[in-house]
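To start, the structure under review is shown below, and the notes come after it.
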Amino acid sequence: MKLDQLRYILKIAEVGSLRKAAALLGVSAPALTKSLRQLEDELQAPLLTRTARGVVLTEFGRIVVTRARTAFTEIDRISEELKSLRGDKGGHVRVAVSPITAVSIIPSAVQRFRRTYPEVVITVMDGLYPKVLPLIRERDIDFAVGPLPEPMLGPEFSVEQLFLSEIGISCRKGHPLEHATSLAELKDAAWATSGPEEGPGNLFKLAFQQRGLVPPKTILHFESILSLLAAALKEDLVFVMPKKIVQHPFHVNDICRIPLQEQFPAVPIYLIKSSQSPLTPVAEAFATQVRRTPLN
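For what it's worth, my numbering labels the leading residue of the sequence shown as 457, then goes sequentially.
As structure tokens, this is what we get:
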């Protein structure tokens, strides 16, 4: 198996056409086809299927493409680590973070990291469990920071708790239920959630059940907290929200916590990375800054 063969199938998977892939790679279509046939013969498995619209990966092909992407990411990391050993402070760090992490610790961590590594490119993307797991597995990101429904993810992941995030029930200022003091008063409210079903946004349902109350139905679900907060300014919604987000300067004048007697358990926030491959020196340096940043 040759690296060029893996590059070829990655490009074919990207564009869905042998001819387009050949043109982009700077090789002839017959040469590309021959190389792929040799790879299929070596692996004893068909990797592509021809269709009227081009080519698609077989199940075997999808496995090869997934592993090839990981392999090339590791090759890039070899180059980054060697440059670091030679004193080069460049490189690239890619992380996925939850909303509470994005507003509380990432800004300060980035600021301190850049004092030492001003030439490193940092990519920070939104990301929550479970969507971050394949990104870590396939080395598309170095690590993720956010909540988990269960800290035991299996041997391929390394998980460490960073801090606890206080949560509560919130609404827009001026909401008719702004001064409610019990969950029972909110049973007929218009509830909204954000994030995955297993995430903190749905903890209110468990709280209702634990108090012998029927959990209210969710009328709106948002993939992002930002979308939920924008809608909350226009609608009489109630929702679970981290305390630090409610207190953030962007929201403190518009969103408030409802002063319920019932308390919600704090949500652990974790740093999640692969246990199968060490972080590059610059990624580890950034992870260290994330660990050391106090919760603002």
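Cβ coordinates follow ideal geometry from the N, Cα and C atoms, glycine included.
Given the structure is predicted, the values throughout are model-derived calculations rather than measurements.
- Message: Quick check: what's the CA-CA separation for P586 versus L676?
- Response: Here residue 586 is taken as the residue at index 130 of the sequence shown, counted from 1. Here residue 676 is taken as the residue at index 220 of the sequence shown, counted from 1. Straight-line Cα distance between these residues: approximately 21 Å.
- Message: Using 8 Å for Cβ pairs, my map puts P607 next to E654. What's the rounded Cβ distance?
- Response: Residue mapping note: residue 607 aligns to position 151 of the sequence shown, counting from 1. Residue mapping note: residue 654 aligns to position 198 of the sequence shown, counting from 1. Not confirmed; about 13 Å, so no contact.
- Task: Could you please give the first and the last residue of the uninterrupted alpha helix (DSSP H) stretch that includes E496?
- Result: Numbered from its first residue, the sequence shown carries residue 496 at position 40. Counting along the chain, the alpha helix (DSSP H) containing E496 begins and ends at 485-499.
- Taking R525 as the reference, which of F516, R463, K476 has the closest Cα? Position 69 of the sequence shown, counted from the start, is the residue given in the question as residue 525. Of the candidates F516, R463, K476, the one whose C-alpha sits nearest the C-alpha of R525 is R463.
- My understanding is that V511 touches L474, with C-beta atoms under 8 Å, so please give their C-beta distance in whole angstroms. Translated into positions along the sequence shown, residue 511 becomes position 55. Translated into positions along the sequence shown, residue 474 becomes position 18. At roughly 6 Å, the Cβ-Cβ gap stays under 8 Å, so V511 and L474 are in contact.
- Among the residues of its own chain, which have a CB less than 8 Å from the CB of G630, if the five just before and after it don't count? Looking up residue 630 in the sequence shown gives position 174. Within the same chain, G630 has no close Cβ partners at all.
- Please confirm whether V551 and I623 have their CB atoms less than 7 Å apart. As a position in the sequence shown, residue 551 is number 95, starting the count at 1. As a position in the sequence shown, residue 623 is number 167, starting the count at 1. Their beta carbons are not under 7 Å apart, which means V551 does not touch I623 by this criterion.
- Task: State the Cα-Cα distance for the pair T507 and G472, rounded to the nearest angstrom.
- Result: Taking the first residue of the sequence shown as 1, we reach residue 507 at position 51. Taking the first residue of the sequence shown as 1, we reach residue 472 at position 16. In a straight line, the C-alpha of T507 is about 10 Å away from that of G472.
- Residue from Q665, T744, K661, M697 whose Cα sits closest to the Cα of K729: The count along the sequence shown starts at 1 and reaches residue 729 at position 273. The option with the nearest alpha carbon to K729 is T744.
- Helix, strand or coil for L459 per DSSP? Position 3 of the sequence shown, counted from the start, is the residue given in the question as residue 459. Residue state, collapsed to three classes: helix.
- Message: I'd like to know whether the C-beta of Q666 is nearer than 7 Å to at least one C-beta of chain D.
- Response: In the displayed structure, chain D is absent; only one protein chain is listed.
- Message: Quick check on Y726: does DSSP put it in helix, strand or coil?
- Response: Residue 726 sits at position 270 when you count from the first residue of the sequence shown. Y726: strand per DSSP, three-state reduction.
- Leaving out five residues on either side along the sequence, give the residues of the same chain with a beta carbon under 7 Å from the beta carbon of T522. The residue labelled residue 522 in the question sits at position 66 within the sequence shown. Closer than 7 Å at Cβ, skipping near neighbours: E594.
- Cα-Cα separation, D460 to K539: Here the question's residue 460 lines up with position 4 in the sequence shown. Here the question's residue 539 lines up with position 83 in the sequence shown. Rounded to whole angstroms, D460 to K539 spans 24 Å at the Cα level.
- Message: Can you give me the C-alpha to C-alpha distance between P705 and V559, rounded to a whole angstrom?
- Response: As a position in the sequence shown, residue 705 is number 249, starting the count at 1. As a position in the sequence shown, residue 559 is number 103, starting the count at 1. Roughly 10 Å between the two C-alpha positions.
- Message: With a threshold of 8 Å, are at least 3 pairs of Cβ atoms found where one atom belongs to the region 607-616 and the other to the region 721-736?
- Response: yes
- Message: One question on the structure: do L481 and K467 come within less than 7 Å of each other, judged by their Cβ atoms?
- Response: For the purposes of this step, residue 481 is taken as the residue at position 25 of the sequence shown. For the purposes of this step, residue 467 is taken as the residue at position 11 of the sequence shown. Yes, the pair counts as a contact, with Cβ atoms nearer than the cut-off.
- Helix, strand or coil for S626 per DSSP? Residue 626 sits at position 170 when you count from the first residue of the sequence shown. Correct three-state label for S626: strand.
- Message: Does V670 pass the burial test, meaning 16 or more other C-beta atoms within 10 Å, or should it be called exposed?
- Response: Within the sequence shown, numbered from 1, the residue matching residue 670 stands at position 214. It is exposed - the Cβ of V670 has fewer than 16 other Cβ atoms within 10 Å.
- In terms of alpha-carbon separation, which member of C627, P652, H635 lies closest to A646? Numbered from 1 along the sequence shown, position 190 holds the residue referred to as residue 646. It is C627.
- Task: Starting from the Cα of M697, find the closest Cα among G610, P555, E634, E530 and give me that residue.
- Result: For the purposes of this step, residue 697 is taken as residue 241 along the sequence shown, with counting starting at 1. Out of G610, P555, E634, E530, P555 has the C-alpha closest to the C-alpha of M697.
- Message: Can you look up L504 in the DSSP assignment and give me helix, strand or coil?
- Response: Within the sequence shown, numbered from 1, the residue matching residue 504 stands at position 48. Reduced to three states, the DSSP call for L504 is strand.
- Task: Measure the C-alpha to C-alpha separation of Q665 and E740 and round it to an integer number of angstroms.
- Result: For the purposes of this step, residue 665 is taken as the residue at position 209 of the sequence shown. For the purposes of this step, residue 740 is taken as the residue at position 284 of the sequence shown. Each residue's Cα considered, the two are about 42 Å apart.
- Query: Looking at V702 and I711, is the spacing between their C-beta atoms short of 7 Å?
  - Reply: In the sequence shown, residue 711 corresponds to position 255, counting from 1. In the sequence shown, residue 702 corresponds to position 246, counting from 1. Yes, the Cβ-Cβ distance between I711 and V702 is below 7 Å.
- Hey, how far is the Cα of L693 from the Cα of S638? Translated into positions along the sequence shown, residue 693 becomes position 237. Translated into positions along the sequence shown, residue 638 becomes position 182. Cα-Cα distance, rounded: 16 Å.
- Using three-state DSSP, classify V551 as helix, strand or coil. On the sequence shown, residue 551 is found 95 positions in, with the first residue counted as 1. Looking at V551 - three-state DSSP - the assignment turns out to be strand.
- Kindly indicate which three-state DSSP category A741 falls into: helix, strand or coil? For the purposes of this step, residue 741 is identified with residue 285 of the sequence shown, where counting begins at 1. Here A741 sits in helix by DSSP.
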